[in-house]
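Note sheet for the following structure.
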Amino acid sequence: MNRLTVTLLAAGLAVATALTGCTAPAPVPPPSTTRTPEPRPSPTRSIPAVAAIPWEPSGETVDLEKGLVAPWSVVPLRSGSVLISERDSGTVLERLPQGGTRTIGTVAGVVHSGEGGLLGLAVQDEEAPKFLYAYETTADDNRVVRMPVTGVPGSYALGTQENVVTGIPKASNHDGGRIGFGPDGMLYITAGDASNPANAQNVASLGGKILRVTPEGGVPGDNPFPGSPVWSYGHRNPQGIAWDSRGTMWASEFGQNTWDELNIITPGSNYGWPNVEGIGGDPKYTDPVFQWPTDVASPSGLAVVGDTLFLAGLGGQRLWTIWTTDGHAPVTVKPFFDGTFGRLRDAVAHGDTLWLLTNNTDGRGDPRPGDDRLVQVTLVPAQSVKHPG
């Protein structure tokens, strides 16, 4: 039994049944009535409100790595190494500081089907990572596991695997899968509705949610629903999360047939799925701050440099650059690299550059010579956006 299951069993029957497979719905809490929410500061760390220069791609790119197979997530380390997940095989690669890749381990229990497999990776400390966290699809569920990281750059290895969160619904589609540590030191997890839209509005289910747990998998005492890892709900298939310099949490989300979304995430808020797709204007739900037609976005990874957001588009095959207003809505958006690299799965800030992970070998793309790739993008101050201050 993993740490989260133990915590929930102690907290109460309604939430515990979500982890043991019971489908009886729990009472839904009062809905959010804030349509454009203010971000809540980190409960353990204050982030100063600093002005950030708007950035955009210069057009200069460099292929850092080629020949990746259905890559999903990329984690740069300050040692110069980079960790990359390959979805179908469950393999974790180390890109060496001098270039080239080697396998550091395989996540046990990965069962690839459709969109499932080895998905997001995260570390809590990029300087000296103690554990590598991974989101995987197994035969029974989606779950987050962690493995000790041993060795030094060029010879990293993974130790014995342990569960952090289990019981997230799985399906061939809508598995979510992005994980990341917030500025408060907590682990955030995007969970899709597992092709069952009812999961999203049922707070006793872990599907269709963004979850927040401690690094060990426990439920923080200041989560919005006591004893529950649920941070926000009413999501269809969120696959990108990031925090700006002010501590605002942003998330990208796949729509169904009409609208993809960019949301500001606040604890306890209901983002409407399946009752609303995109901006619905219903005060019971929190509207996205921006929406795209699904054929130009299909958003996955999300990165932030200062207060500029970069959104990787799969079906849209482009990078969306998003400039916020002091870390809030309204936002201004502009596409880059339309079709240049094909499908884009992940976007990651790396110093004053941006890294993109293509995803043309996942069965839905049109692979090109050298695919899939890790691409470095040079950023420059945006010319079309008024600089703050």
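Following the working numbering, the numbering of the sequence shown begins with 5 at its first residue and continues without gaps.
Quick reminder that beta carbons are idealized off the backbone N, C-alpha and C, glycines included.
Buried/exposed call for residue i, threshold 16 Cβ in 10 Å
{"i": "Ser62", "result": "exposed"}
{"i": "Ala112", "result": "exposed"}
{"i": "Gly367", "result": "exposed"}
{"i": "Asn261", "result": "exposed"}
{"i": "Val78", "result": "buried"}
{"i": "Ser232", "result": "buried"}
{"i": "Arg106", "result": "exposed"}
{"i": "Glu130", "result": "exposed"}
{"i": "Gly104", "result": "exposed"}
{"i": "Ser209", "result": "buried"}
{"i": "Thr365", "result": "buried"}
{"i": "Pro75", "result": "buried"}
{"i": "Pro133", "result": "buried"}
{"i": "Arg150", "result": "buried"}
{"i": "Ser159", "result": "exposed"}
{"i": "Gln321", "result": "buried"}
{"i": "Gln243", "result": "buried"}
{"i": "Thr194", "result": "buried"}
{"i": "Val127", "result": "buried"}
{"i": "Val156", "result": "exposed"}
{"i": "Pro101", "result": "exposed"}
{"i": "Thr27", "result": "Unreliable placement is indicated for Thr27, whose pLDDT of 33 sits below 50; the coordinate value is still reported in the next sentence. Exposed, by the Cβ-count rule."}
Assigned secondary structure, residue i (DSSP; H/G/I helix, E/B strand, else coil)
{"i": "Gln380", "result": "strand"}
{"i": "Pro152", "result": "strand"}
{"i": "Val32", "result": "For Val32, the predicted structure reports a pLDDT of 44, less than 50, and the residue's modelled location is therefore unreliable. The matter cannot be settled from this model."}
{"i": "Ala208", "result": "coil"}
{"i": "Asn146", "result": "strand"}
{"i": "Asn203", "result": "helix"}
{"i": "Gly305", "result": "strand"}
{"i": "Ser256", "result": "strand"}
{"i": "Leu162", "result": "strand"}
{"i": "Thr312", "result": "strand"}
{"i": "Pro157", "result": "coil"}
{"i": "Pro385", "result": "strand"}
{"i": "Pro47", "result": "Reliability fails at Pro47, whose pLDDT of 36 lies under 50, so the model's placement of it is uncertain and no value is given."}
Opposing strand residues paired with residue i [DSSP bridges]
{"i": "Ala195", "result": "Lys213"}
{"i": "Asp264", "result": "Trp296"}
{"i": "Val86", "result": "Pro80 and Arg99"}
{"i": "Asn274", "result": "Tyr237"}
Opening and closing residue of the beta strand (DSSP E) in which residue i lies
{"i": "Ser140", "result": "Here the sequence assigns Glu to residue 140, which means Ser is not the residue at that position. Unbroken beta strand (DSSP E) run through Glu140: Phe135 to Thr141."}
{"i": "Trp76", "result": "Pro75 to Pro80"}
{"i": "Asp67", "result": "Trp59 to Glu69"}
{"i": "Asn167", "result": "Glu166 to Ile172"}
{"i": "Ala126", "result": "Leu122 to Ala126"}
{"i": "Gly184", "result": "Ile183 to Phe185"}
{"i": "Arg106", "result": "Thr105 to Thr110"}
Start-end ranges of the beta strand (DSSP E) lying completely within the region 315-362, minimum 3 residues: 323-329, 332-340, 348-354 and 357-362
Can you give, in chain order, each stretch of the beta strand (DSSP E) that sits fully within the region 224-252 and has at least 3 residues? 234-237 and 242-247
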